[in-house]
Amino acid sequence: KQEVTQIPAALSVPEGENLVLNCSFTDSAIYNLQWFRQDPGKGLTSLLLIQSSQREQTSGRLNASLDKSSGRSTLYIAASQPGDSATYLCAVRSNYQLIWGAGTKLIIKP
Amino acid sequence: EAGVAQSPRYKIIEKRQSVAFWCNPISGHATLYWYQQILGQGPKLLIQFQNNGVVDDSQLPKDRFSAERLKGVDSTLKIQPAKLEDSAVYLCASSLEGSTEAFFGQGTRLTVV
């Protein structure tokens, strides 16, 4: 059974720092992995999708990597800004289902 | 392009009452999902439709939850009767047939008191 874990559950850093969020999964047989952002009281916004054959994807200040063999993905945020404050969730597509982590709540202090 | 629309945004009900949520997916998206997200947890799939057929409802508490997508477009999710533990955000998502990328609505926050 696929399980997805995100550590830490919460992270607070000063504005301007580069940071890394972690996502691990137990079964390497995945179709893809997706990172989402969730603002309080709002839905989920897809940030990056990495197919199982890819190693990384980039969008602006965000870079996501995927290492299937070790069951890990990282989301790198460069030059963090207060507007980046949100909860970040990763989800793996496995057996046509999306399996979710519980998220990392990120606070960027001005 | 319009996104996934959900209503209402917020709902407060007493336990044992009934409630219904509505979702209109992105035009042309054959696949529709309903998720339940309890505070501090990731979303849990309740039901997945492909057009108007159910693909997966294995985690839907069928004694109190029901969902339909009669015309293969919009969908309703109903809870009857509600319990305190049903307090959560209910998210609707849709995707193109065969695509693995889902697009989410803003969700309905349900509070059962």
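First to last, the protein sequences are chains A and B.
Residue 355 is where the first sequence starts when you use the working numbering, and the numbers rise one by one after that.
Residue 8 is where the second sequence starts when you use the working numbering, and the numbers rise one by one after that.
A virtual CB, placed ideally from N, CA and C, is assigned to each residue, including glycine.
A quick note: this is a predicted structure, and the numbers were derived from the prediction, not measured.
**Prompt:** Nearest CA to the CA of Ile86 (chain B): which residue from B:Lys18, B:Ser101, B:Ser106, B:Ala9?
**Reply:** The residue given as residue 86 (chain B) occupies position 79 in the second sequence. Minimum Cα distance to Ile86 (chain B) is reached at B:Lys18.
**Request:** Would you give the residue range spanned by the beta strand (DSSP E) that Gly157 (chain B) belongs to?
**Result:** Residue 157 (chain B) lies beyond the residue range present for chain B, which begins at 8 and ends at 120; the question has no answer from this structure.
**Asked** Nearest chain B C-beta to Ala383 (chain A) closer than 8 Å, yes or no?
**Response** The residue labelled residue 383 (chain A) in the question sits at position 29 within the first sequence. No, Ala383 (chain A) lies away from the interface with chain B (no Cβ there is under 8 Å from its Cβ).
**Request:** Determine the closest residue to Gln392 (chain A) out of B:Leu98, B:Gln57, B:Ser73, B:Ser34, with distance taken between C-alpha atoms.
**Result:** Within the first sequence, numbered from 1, the residue matching residue 392 (chain A) stands at position 38. The option with the nearest alpha carbon to Gln392 (chain A) is B:Leu98.
**Asked** With a CB to CB cut of under 6 Å and the five nearest residues on each side skipped, what residues in its chain are close to Ala364 (chain A)?
**Response** Along the first sequence, read from residue 1 onward, the residue named residue 364 (chain A) stands at position 10. The answer, listed in chain order, is Lys459.
**Asked** chain B beta carbons: is any one of them nearer than 8 Å to that of Gln411 (chain A)?
**Response** Here the question's residue 411 (chain A) lines up with position 57 in the first sequence. No, its Cβ sits nowhere closer than 8 Å to a Cβ of chain B.
**Request:** Count the CB pairs spanning the region 60 to 68 of chain B and the region 409 to 427 of chain A that are closer than 8 Å, and state whether there are at least three.
**Result:** Touching, no, given that fewer than three Cβ pairs across the two stretches are closer than 8 Å.
**Message:** Taking a contact to mean a Cβ-Cβ separation below 8 Å, would you say Leu39 (chain B) touches Ser82 (chain B) in this structure?
**Reply:** By 1-based counting over the second sequence, the position of residue 39 (chain B) is 32. By 1-based counting over the second sequence, the position of residue 82 (chain B) is 75. Yes, the Cβ-Cβ distance between Leu39 (chain B) and Ser82 (chain B) is below 8 Å.
**Item:** chain B within 8 Å of Gln356 (chain A), Cβ atoms only
**Value:** Along the first sequence, read from residue 1 onward, the residue named residue 356 (chain A) stands at position 2. No, because no Cβ of chain B sits closer than 8 Å to the Cβ of Gln356 (chain A).
**Request:** Using three-state DSSP, classify Asp93 (chain B) as helix, strand or coil.
**Result:** For this step, residue 93 (chain B) is matched to residue 86 along the second sequence. Asp93 (chain B) falls in the helix class under three-state DSSP.
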